[in-house]
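Numbering (the working numbering), first residue to last: 276 to 749. Where is the CB? At the ideal position from N, CA and C, for every residue including glycine. Just below is one structure, and these are the notes that go with it.
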Amino acid sequence: MLALWLSLICAAATIACGVWCAIRSRFGLASAIFAFIFVWCLAFPLRAYLLVQYRIPVQAPLRPDDASIVTALVISTLFALAVILGYSIMIRFEPIKAGSNLANALIGTDNRLRVNIFLFLATTTSVLIAFDYGFDGTVYLKREYGVGMTERVGRGWYFVLAEASSLALIASAGYLTTARFNWRTQLPTLVLASVCALSSFLTLIVFQTRRGAAYVALLICIAVALKTPRLRLVIPLAMIAMVFGAPVLQDLRERCLFCEVFNYEKRGQPTIAEAPGNADPSGSVVSVPVITTSSSFEGVDHFAIWLQRTDWNQKLTGIDQGASWTYNSFLSMIPRTLWAEKPMVYGSLEEQRFLYPEMFISPYYATLPPSFVVDFSYGFGIPFGLFLALALGGGLRWTDRHLYGETNPFARAVALFVFMNVFNIVRSGTGFLQVLSIFSVACFVLFVKLPKTRILARSSPSMVGQQGLERKQL
Numbered sequence: 276m277l278a279l280w281l282s283l284i285c286a287a288a289t290i291a292c293g294v295w296c297a298i299r300s301r302f303g304l305a306s307a308i309f310a311f312i313f314v315w316c317l318a319f320p321l322r323a324y325l326l327v328q329y330r331i332p333v334q335a336p337l338r339p340d341d342a343s344i345v346t347a348l349v350i351s352t353l354f355a356l357a358v359i360l361g362y363s364i365m366i367r368f369e370p371i372k373a374g375s376n377l378a379n380a381l382i383g384t385d386n387r388l389r390v391n392i393f394l395f396l397a398t399t400t401s402v403l404i405a406f407d408y409g410f411d412g413t414v415y416l417k418r419e420y421g422v423g424m425t426e427r428v429g430r431g432w433y434f435v436l437a438e439a440s441s442l443a444l445i446a447s448a449g450y451l452t453t454a455r456f457n458w459r460t461q462l463p464t465l466v467l468a469s470v471c472a473l474s475s476f477l478t479l480i481v482f483q484t485r486r487g488a489a490y491v492a493l494l495i496c497i498a499v500a501l502k503t504p505r506l507r508l509v510i511p512l513a514m515i516a517m518v519f520g521a522p523v524l525q526d527l528r529e530r531c532l533f534c535e536v537f538n539y540e541k542r543g544q545p546t547i548a549e550a551p552g553n554a555d556p557s558g559s560v561v562s563v564p565v566i567t568t569s570s571s572f573e574g575v576d577h578f579a580i581w582l583q584r585t586d587w588n589q590k591l592t593g594i595d596q597g598a599s600w601t602y603n604s605f606l607s608m609i610p611r612t613l614w615a616e617k618p619m620v621y622g623s624l625e626e627q628r629f630l631y632p633e634m635f636i637s638p639y640y641a642t643l644p645p646s647f648v649v650d651f652s653y654g655f656g657i658p659f660g661l662f663l664a665l666a667l668g669g670g671l672r673w674t675d676r677h678l679y680g681e682t683n684p685f686a687r688a689v690a691l692f693v694f695m696n697v698f699n700i701v702r703s704g705t706g707f708l709q710v711l712s713i714f715s716v717a718c719f720v721l722f723v724k725l726p727k728t729r730i731l732a733r734s735s736p737s738m739v740g741q742q743g744l745e746r747k748q749l
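This is the structure in structure tokens:
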């Protein structure tokens, strides 16, 4: 009963502050802060209630005790309130206009050709990698996505390119939602985007993930709302539908429709309930859809384990002094051909190994994002983590301003990408920075025009006139 009331109090306080902040933002339920609060409530208060009251199974090999879950819920509420505070501070001190004349001057006026080429290349790459990855006609997959990391060394680029179609779709949406609509000029882009969306669905089958289908559906809803502001209510409704539609997507993922159609063999995998440490002494029964949905929003349980494994010094000053953040930001993108001593486990995986070292005894382990609370606290402790939460709130405010108030495709595309990945930000924290960097560079190439260098400076006309005068004098 304590868990129920505490979950309700934490959720109510955070939701009240979040809704008040969303109303002040002028974007209401379609704002990034509302999306954050919505995902946070699923990953922390609701997850804590289900863990304590109904003893739902966990994917990790270790289950936290109830006291740690309660403590983790209280501290995570402070992190959520810090995000809301950071968002509110940005509202108070932000400039009136979202963009600047210099930024707009650097954006190309016609980006159709580059966007179309990006869509074509991304679609082709995703399809080729999908077929190379698993459709060999004899078995379901040549190798599982979660196979031992030792078998994936040097192939990080492979998995990034496999999701290029999703990145291209968001970039094209940034262009289509800021350009003046014209059937004649934008029809090729719409056709290529539709084909790219179909290729994105391949990730649902090949990589055993629901992200491909959810990405496309949510992106369509947001794009429609951006072109028709009176339909902004579609955005929060789409987010809610994505969550409660997770069991349907899970069923598609487990059935593997491609394998059934082509009669491929599908290797059996253990279910969540069969994972270690999931015995339920109380005998409580929870429906499979609830377990399926909640398994995508693990947050409070990871932070509870972090609290159990750390002493007071680590809670206040951190564990690795930001080393994992540097890997998540840019070091992870350095290829092993250039850095032979690059560690096997780093960044968010290193944080996971701290939480569950028993998972790394064998090279065959699954990745469990530790949540933004664990990630923010891992470097320099909980106090500095709260400061990062303030910065995250400011970033979410930037996202809203450039998503709804920007007219250049570069800022719109980056803001759209951040908005669509609020779920991943709550799950992994700085682990999101790597893919954000890749996407930002791609958008820079697509939309930003470099100023042309001129041989003659502005003083050239006067110089020419002076040379003519000298000739006349001669």
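Practice task
Check G669 in the structure and name its three-state DSSP category.
Solution key: Mapped onto the sequence shown, residue 669 falls at position 394. Helix, per DSSP.
Problem - Proximity to L462 [Cα-Cα], best of L325, L473, N391, V518 - result: Here residue 462 corresponds to residue number 187 of the sequence shown, with the count starting at 1. Ranked by Cα distance from L462, the options L325, L473, N391, V518 are led by N391.
Practice task
Would you decide whether I331 is buried or exposed? Buried here means 16 or more other CB atoms lie within 10 Å of its CB.
Solution key: In the sequence shown, residue 331 corresponds to position 56, counting from 1. The residue is buried, with at least 16 neighbouring Cβ atoms inside 10 Å.
Handout entry: Inter-residue CB distance, C316 and A286 (contact presumed, cutoff 8 Å)
Key = As a first step, residue 316 must be located in the sequence shown, where it is residue number 41. As a first step, residue 286 must be located in the sequence shown, where it is residue number 11. Contact between C316 and A286 holds: CB atoms are separated by about 5 Å, below the 8 Å threshold.
Handout entry: Inter-stretch contact (C-beta, 8 Å, three-pair minimum) for the segment 333 to 341 and the segment 705 to 721
Key = The answer is no - the segment 705 to 721 does not touch the segment 333 to 341, with fewer than three Cβ pairs under 8 Å.
Exercise for the section: Please state whether DSSP places S767 in a helix, a strand or coil. Expected result: For residue 767 there is no data in the structure shown, the boundaries of the chain being 276 and 749.
Exercise for the section: Following the continuous alpha helix (DSSP H) through Q589, name the residue where it begins and the one where it ends. Expected result: Counting from 1 along the sequence shown, the entry for residue 589 is found at position 314. For Q589, the enclosing alpha helix (DSSP H) begins and ends at 587 to 592.
Exercise for the section: Go through its chain and collect everything with a Cβ distance to P545's Cβ below 7 Å, but skip five positions before and after it. Expected result: On the sequence shown, position 270 is the one that residue 545 refers to. In this prediction, P545 has a pLDDT of 39, which is less than 50 and means its spatial position is unreliable; nothing more can be read from the coordinates.
Handout entry: Stretch-stretch touch, CB-based, cutoff 8 Å, three pairs: the segment 615 to 629 with the segment 680 to 688
Key = Contact between the segment 615 to 629 and the segment 680 to 688 is absent, because fewer than three Cβ pairs lie under 8 Å.
Problem - Euclidean distance between Cα positions of L388 and S475 - result: For this step, residue 388 is matched to residue 113 along the sequence shown. For this step, residue 475 is matched to residue 200 along the sequence shown. It is roughly 21 Å from the alpha-carbon of L388 to the alpha-carbon of S475.
Problem - I344 and A579 closer than 7 Å at C-beta - result: Locating residue 344 in the sequence shown gives position 69, where the first residue counts as 1. Locating residue 579 in the sequence shown gives position 304, where the first residue counts as 1. Yes, these two residues count as a Cβ contact at 7 Å.
Problem - Supposed close pair F605, S440 - CB separation, criterion 8 Å - result: Working through the sequence shown from its first residue, we reach residue 605 at position 330. Working through the sequence shown from its first residue, we reach residue 440 at position 165. Contact between F605 and S440 does not hold, since their C-beta atoms are separated by about 24 Å, which reaches or exceeds 8 Å.
Exercise for the section: Have a look at F722, I364, R455, Y490 and flag the residue whose alpha-carbon is nearest the alpha-carbon of V518. Expected result: For the purposes of this step, residue 518 is taken as the residue at position 243 of the sequence shown. Looking at the Cα atoms, Y490 is the closest of the given residues.
Exercise for the section: Given a cut-off of 7 Å, decide if V358 and G704 are closer than it, judged by their beta-carbon atoms. Expected result: Counting from one through the sequence shown, the residue named residue 704 turns up at place 429. Counting from one through the sequence shown, the residue named residue 358 turns up at place 83. No, the pair does not count as a contact, with Cβ atoms beyond the cut-off.
Problem - Endpoints, the alpha helix (DSSP H) within which S469 is located - result: One-based indexing of the sequence shown puts residue 469 at position 194. Residue range 458 to 475 is occupied by the alpha helix (DSSP H) that includes S469.
Problem - Buried/exposed call for Q349, threshold 16 Cβ in 10 Å - result: For the purposes of this step, residue 349 is taken as the residue at position 74 of the sequence shown. The identity of residue 349 in the sequence shown is Val, whereas the question assumes Gln. The Cβ neighbour count for V349, taken over all protein chains shown within 10 Å, is under 16; the residue is labelled exposed.
Exercise for the section: Within the same chain, show all residues whose beta-carbon is closer than 6 Å to that of R301, passing over the 5 residues directly before and after it, in chain order. Expected result: Locating residue 301 in the sequence shown gives position 26, counting from the first residue. Excluding positions up to five away in sequence, the list is empty.
Problem - Whole-angstrom distance between L283 and L512, CA atom to CA atom - result: Mapped onto the sequence shown, residue 512 falls at position 237. Mapped onto the sequence shown, residue 283 falls at position 8. When rounded, the distance between both Cα atoms is 22 Å.
Handout entry: Cutoff 7 Å; reference L353; Cβ partners in own chain excluding five residues on either side
Key = In the sequence shown, counting from the first residue as 1, residue 353 sits at position 78. For L353, the CB contacts under 7 Å within the same chain, skipping 5 residues up- and downstream, are L661 in chain order.
Handout entry: Length of the line joining the Cα atoms of A666 and P320
Key = In the sequence shown, counting from the first residue as 1, residue 666 sits at position 391. In the sequence shown, counting from the first residue as 1, residue 320 sits at position 45. Put simply, the backbone Cα of A666 is about 23 Å away from that of P320.
Handout entry: Reduced DSSP category for L508 - H, G, I as helix; E, B as strand; rest coil
Key = If you number the sequence shown from 1, residue 508 lands on position 233. Three-state DSSP puts L508 in coil, outside helix and strand.
Exercise for the section: Please determine, among W581, W280, A492, L506, the residue with the shortest C-alpha to C-alpha distance to L304. Expected result: By one-based count along the sequence shown, residue 304 stands at place 29. Per the Cα distances, L506.
Exercise for the section: Please confirm whether F647 and V701 have their CB atoms less than 7 Å apart. Expected result: Residue 647 sits at position 372 when you count from the first residue of the sequence shown. Residue 701 sits at position 426 when you count from the first residue of the sequence shown. Using a Cβ distance threshold of 7 Å, F647 and V701 count as a contacting pair.
Practice task
Indicate the three-state DSSP secondary structure (helix, strand or coil) for D650 in the structure shown.
Solution key: Taking the first residue of the sequence shown as position 1, residue 650 is located at position 375. In the structure shown, D650 sits in a helix (DSSP, three-state: H, G or I).
Handout entry: Own chain partners of I510 with C-beta closer than 7 Å, once the 5 adjacent residues on each side are dropped
Key = As a position in the sequence shown, residue 510 is number 235, starting the count at 1. These residues qualify, in order along the chain: A305, C496, I497, A500.
Practice task
Measure the CB-CB distance between L678 and A690 and report whether it falls below 7 Å.
Solution key: For this step, residue 678 is matched to residue 403 along the sequence shown. For this step, residue 690 is matched to residue 415 along the sequence shown. Taking the C-beta atoms as reference points, A690 is found nearer than 7 Å to L678.
Handout entry: Helix, strand or coil at Y324 according to DSSP, with G and I counted as helix
Key = As a first step, residue 324 is located in the sequence shown; it is residue number 49 there, counting from the start. Y324: helix per DSSP, three-state reduction.
Exercise for the section: Tell me, to the nearest whole angstrom, how far the beta carbon of A446 is from that of F395; I am working on the premise that it is less than 8 Å. Expected result: For the purposes of this step, residue 446 is taken as residue 171 along the sequence shown, with counting starting at 1. For the purposes of this step, residue 395 is taken as residue 120 along the sequence shown, with counting starting at 1. No, A446 and F395 are not in contact; Cβ-Cβ is about 13 Å, not under 8 Å.
Handout entry: Own chain residues within Cβ distance below 6 Å of F309, not counting five before or after
Key = Mapped onto the sequence shown, residue 309 falls at position 34. By the criterion of a C-beta distance shorter than 6 Å, F309 is surrounded in its chain by A297, once the five residues flanking it on both sides are discounted.
Practice task
Whole angstroms is fine: what's the gap from L281's alpha carbon to D340's?
Solution key: In the sequence shown, residue 281 corresponds to position 6, counting from 1. In the sequence shown, residue 340 corresponds to position 65, counting from 1. Our two residues, L281 and D340, have alpha carbons roughly 16 Å apart in a direct line.
Handout entry: Contact under 7 Å by Cβ, V470 with T400
Key = Here residue 470 corresponds to residue number 195 of the sequence shown, with the count starting at 1. Here residue 400 corresponds to residue number 125 of the sequence shown, with the count starting at 1. Not closer than 7 Å, so no.
Handout entry: Distance between R459 and S623 (C-alpha atoms, nearest Å)
Key = The count along the sequence shown starts at 1 and reaches residue 623 at position 348. The count along the sequence shown starts at 1 and reaches residue 459 at position 184. Looking at the two C-alpha atoms, the distance is approximately 46 Å.
Handout entry: S750, enclosing alpha helix (DSSP H) - first and last residue
Key = Outside the modelled stretch of the chain, which goes from 276 to 749, sits residue 750, for which no answer is possible.
Handout entry: Among K590, D576, G597, nearest to L326 - alpha-carbon criterion
Key = Residue numbering aside, residue 326 sits at position 51 when the sequence shown is read from its first letter. Of the listed residues, the one whose Cα sits closest to L326 is D576.
Exercise for the section: In the DSSP assignment, find the alpha helix (DSSP H) that holds I331 and state where it starts and stops. Expected result: Here residue 331 corresponds to residue number 56 of the sequence shown, with the count starting at 1. For I331, no alpha helix (DSSP H) run applies, since DSSP gives it neither H nor E.
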